[in-house]
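Before any comments, here is the structure.
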Amino acid sequence: METYDALLVFALLCVAWGIVSSIRIVSYLSGRGVKINWLLIRLMIIKYASQYEELTRKETGKPGWWFYSYVVSMNLALVAGVLGIILKLVL
């Protein structure tokens with residue numbers, strides 16, 4: 072397996088973890104009475120992550136773990152995906 076393939080696989084794993092995090096965030100918000108727009112959830116997940124961060128900050132004094140999990144996993148997926156594509160084009 073080439074380095075760029077490994078980076079692209081890692082990016083896909085990060086996206087999968089980001090999806091799990093977003094499901095947990097939406098579940099938390101839904102349990103707290105926030106209306107979820109299921110039709111546009113892919114576009115609204117950034118707003119929901121922000122609402123989750125605000126609610127958990129009010130309840131516990133710090134942002135919830137799933138907020139950080141979502142942000143880190145999506146950023147890692149972006150970086151790994153871009154590096155994998157660049158390496159594939161260069162090598």
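According to the working numbering, the stretch in the sequence shown is residues 72 to 162, in order.
Don't be surprised by glycine CBs; every beta carbon is placed ideally from N, CA and C.
Just so we're clear, the structure is a prediction, and the values are computed from it rather than from any experiment.
For Leu149 and Leu158, I'd like the C-alpha separation in whole angstroms. 14 Å
Just confirm the distance between the C-beta atoms of Leu147 and Tyr75, as a whole number of angstroms; I'd bet it's less than 8 Å. 16 Å between Cβ atoms; not a contact.
Just how far apart, CA to CA, sit Leu160 and Val153? 11 Å
Inter-residue spacing [alpha-carbon to alpha-carbon] between Tyr94 and Glu73: The sequence given here places Ile at residue 94; Tyr does not occur at that position. So the alpha carbons of these two residues sit roughly 32 Å apart.
From this set, Val86, Ile116 and Cys85, which residue's C-alpha is nearest Ser98's C-alpha? Ile116
Which residue from Gly132, Ile107 and Thr131 puts its Cα closest to that of Ala120? Ile107
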